[in-house]
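One structure is given below, encoded as structure tokens.
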Amino acid sequence: MTVSISTLPPQIQQRYNAKLLSTPEHNLIHQLFATPVELPDNNGFIDRQSRYDRLDLFEVPLDDAQNNPPPQSLNRVDVDCRVRVYATYIVLTRQVTITNEDPVLNSAAARLGQSLRETQDALQRDNLESSASIINCVNGQNGDIPTEMAIEDVDDVFTVLQNNSGEYITNIVEADLKFGTSPIGDAYGCMLTSRMIPVLYNMTGFVKKFQYPNISQTLSTELGGANNVRFFISEQGSVSVGASMLGNDIANCFVAAKESYKVVWQAGGKARFIYLPPGYNNDPCMLRHTAGCSFYQGQCITNDLWLQNLRSTGI
Amino acid sequence: MALPFSFIGKWDYTNPATPVAVNIPMTDKPDWVFVKNLTNWGDTTAVTSIESEWFSSMAQGAYIAENQTVTTNALASAAGTSGGFTFIDQTNPPTFAKVAVTSVTVTSSPPSSSTVVVATGNTAGLNVGDYVRLINITSALELSSIAFQVTAITTNTNFSLGMMATAVNAGMSVASGTTGFYQKVYPGFMYPKLSPVLYITQATQAKVYFARPNDYSVGELVDFTIPAPYGMTQLSYLTGTPIAGATSNPPGAARVLVVTNTATESSITINYDTTGFTAFQFPTSAIYSVGANASPATCYPAGSGIVPLNGSATIPQSPPGTNLVDTFDNKAQYVMNLGLNVVGPANAKMVVMAFKADFNNAITNA
């Protein structure tokens, strides 16, 4: 037989490269500004936190009779958050794990971990999407409602949060003597879809992260800032499909002040990887491994004033 | 685990005189579902789809079935591509194409006879109880973005928005619209949800009307964002408000005293006196479409309060308690929708069973 490339057996033609290719992983942004809370075990499944309402001002002086003024009522608000259990797993036959050159179980663990973290992030995203107060962008030019985001819309949501006494997430990034840089004010954090990148880059007043005077305290998920809001993007940011006046997709851009929402984890139910070797789960012939993961999580808005959904089209 | 299929669950239902689509909540994604008619099985009645099945490799809405023929009670195989089994993962629901609307007719006839009818030549796939969003309705742009519940359908002619009609009965003023689109949508699954507001009464205990069933519960605290074109801006951002004010309203967010969720009304009564407030007025289409006026009026959850006794603003239930029903929660489910081609005949007792295929090497090679 003539030996040529076309007659080489498959085993000779290929080499299995043990270095795995990267798997796309989403940016995890929706828990960035959540207040973490741990629910101790054996204390039920609902975490309740309370807040006392502000008292009225008392600017009227007592008169000379020195009578006691009328009392004020102290009002308490409870915010309840239920913790749920989430789990998933995969099944691998022993035949797979003992015949593959690739350590499949290692990859299974990595992918389960990614799935778990992205699920945690998506749960928080869905919570914010369902329950947060809405402000439509109205200062863009595309003729839809909401419009695409404009700097005036950023200022509007900033004003609402300031009027509602929301505290900043990050401190000012001071100006520096570096070409092409611009300072960033004290800022609230905005979590949004990466589909908003063109809108933000076209927005007057938007400062890209690489234009910050100092990027030492930024995250890789941060895209930039505008006046008093800094923007963090994710491929799994919230989008309401076809929900605008003209039927276009709406980006739900969650602008958060400090302590506006939280995530609750069960003390004994934190994220875990669970491996069971062959022989478990009615597997008398020891034919299957399982690899699973689970976590307990609850999420809620703790102060409706401090979390605004700034909705934009143009994506 | 070692079985090729594991059991997800069993459900029973009995059809009404006019069968409607049935939603079966499931704890897992099924790979095999069947529905059997227990009433007519083995008798001499001719029954279409006396047994229906769906496998996960089949298309959404499809089914295979066996029809019972007249008198011989023999079974004949059948299949269909619509009106069968539709699996819905609420965390990733299907999306639907927008459908042309020829008019949205609002007939105001308070106190109880108002109607809101959306005329369309295509109601395929739409069921009573579904949510629809109206898109770009000429002369009624202010209705954009709101998810309404469908309360009645005349096939391929029109459907009704009964909850909006109830708000019109209460005082909501909105003009009729002409052409545009509707789109079927699924609501979010996190609880309790934000709800667009259709109308708020001026009363010592204000009543708030919504376009779809609301998530609120008695004793829950709710807050509002009411943009200027809607009038009653005094209700905006109540949380954190310390001042009682001229109307002696309590500090902070409003407390829900009564919740109404019926087939044609979604409303809450709150412990807030709005008699001195600016009247709630839905903006006209022209006003809404002008930039700065285009944010919706919304109501959203703001916490838990004391549960009132029978709707009283001052007397708590006895023994006193706070609301746990309003706890922020994830209420997502897997749902198998049984369409009219598989749901079974009138008055029949039906049984549903679902299974999941476990055996899976978990590696596929595309």
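Chains R and S, in that order, are what the protein sequence lines are. For the first sequence, the residue numbers in the numbering used here are 4 to 318. For the second sequence, the residue numbers in the numbering used here are 994 to 1359. Quick reminder that beta carbons are idealized off the backbone N, C-alpha and C, glycines included.
- The bridge partners DSSP lists for residue 192(R) are 233(R), 259(R).
- Nearest to residue 188(R) by C-alpha distance, out of 247(R), 217(R), 294(R), 201(R), is 217(R).
- By alpha-carbon distance to residue 1055(S), the top candidate from 1200(S), 1331(S), 1344(S) is 1331(S).
- The Cβ atoms of residue 248(R) and residue 206(R) do not sit closer than 8 angstroms to each other.
- Minimum Cα-Cα distance from residue 101(R) among the listed residues 292(R), 58(R), 75(R) corresponds to 292(R).
- In this structure residue 260(R) does not touch residue 146(R) by the C-beta definition: roughly 31 angstroms separates them, more than the 8 angstroms allowed.
- Pairing residue 1200(S) with residue 1260(S) gives a Cβ-Cβ distance under 8 angstroms.
- The stretch 22–29 of chain R makes no contact with the stretch 54–74 of chain R, as fewer than three CB pairs between them are under 8 angstroms.
- The three-state secondary structure of residue 1112(S), taken from DSSP, is strand.
- By the 16-neighbour rule on beta-carbons within 10 angstroms, residue 63(R) is exposed.
- The distance from the Cβ of residue 1040(S) to that of residue 1338(S) is about 6 angstroms, consistent with a contact at the 8 angstroms cut-off.
- Of all residues in the stretch 1248–1264 of chain S, none comes within less than 8 angstroms of chain R when Cβ atoms are compared.
- For residue 194(R), the nearest beta carbon of chain S is not closer than 8 angstroms to its own beta carbon.
- Within 10 angstroms of the beta-carbon of residue 1128(S) lie 16 or more other beta-carbons, which makes it buried.
- Taken in chain order, the whole alpha helix (DSSP H) runs of length 4 or more contained in the stretch 46–121 of chain R are 97–102.
- Using a C-beta cut-off of 8 angstroms, the stretch 1208–1219 of chain S makes no contact with the stretch 1168–1175 of chain S, since fewer than three inter-stretch Cβ pairs fall below that distance.
- If you keep only unbroken beta strand (DSSP E) runs of at least 3 residues inside the stretch 1153–1201 of chain S, you get 1173–1178, 1188–1193.
- Residue 1262(S) sits in a strand when the DSSP states are folded into three classes.
- The beta carbon of residue 1107(S) sits closer than 8 angstroms to those of 1099, 1100, 1101, 1158, 1159, 1161, 1162, all from its chain and outside the five residues before and after it, given in chain order.
- By the Cβ test, the stretch 1266–1273 of chain S is not in contact with the stretch 1121–1138 of chain S, since fewer than three Cβ pairs between them sit closer than 8 angstroms.
- It is roughly 24 angstroms from the alpha-carbon of residue 289(R) to the alpha-carbon of residue 1348(S).
- The criterion of a C-beta distance shorter than 8 angstroms is satisfied by residue 232(R) and residue 258(R).
- The alpha carbon of residue 282(R) has as its nearest neighbour, out of 97(R), 44(R), 93(R), the alpha carbon of 97(R).
- If you check the CB distance, residue 1152(S) and residue 1191(S) do not come in under 8 angstroms.
- Contact note: residue 249(R) reaches chain S through 1128, 1129, 1137, using a C-beta cutoff of 9 angstroms and chain order.
- In the three-state DSSP reduction, residue 213(R) falls in the helix class (H, G or I).
- Within its own chain, the residues whose Cβ lies closer than 6 angstroms to the Cβ of residue 1227(S), once the five positions on either side in sequence are excluded, are 1270, listed in chain order.
- Interface criterion met: the Cβ of residue 134(R) is under 8 angstroms from a Cβ in chain S.
- For residue 1318(S), no beta strand (DSSP E) segment is defined, and its DSSP state is neither H nor E.
- In this structure, the beta-carbon distance from residue 317(R) to residue 1091(S) does not fall below 8 angstroms.
- Residue 116(R) does not reach chain S, its nearest Cβ partner there being about 15 angstroms away, counting only Cβ pairs nearer than 7 angstroms.
- Per DSSP, the continuous beta strand (DSSP E) segment holding residue 1146(S) begins and ends at 1145–1147.
- Scanning chain S for C-beta atoms nearer than 8 angstroms to the C-beta of residue 241(R) yields nothing, as the closest lies near 10 angstroms away.
- When DSSP states are grouped into helix, strand and coil, residue 1214(S) belongs to the strand group.
- Separation of the CB atoms of residue 119(R) and residue 108(R) is rounded to 16 angstroms, and the pair is thereby denied contact status at 8 angstroms.
- Counting along the chain, residue 1057(S) sits inside no alpha helix (DSSP H); it lies in the beta strand (DSSP E) bounded by residues 1056–1061.
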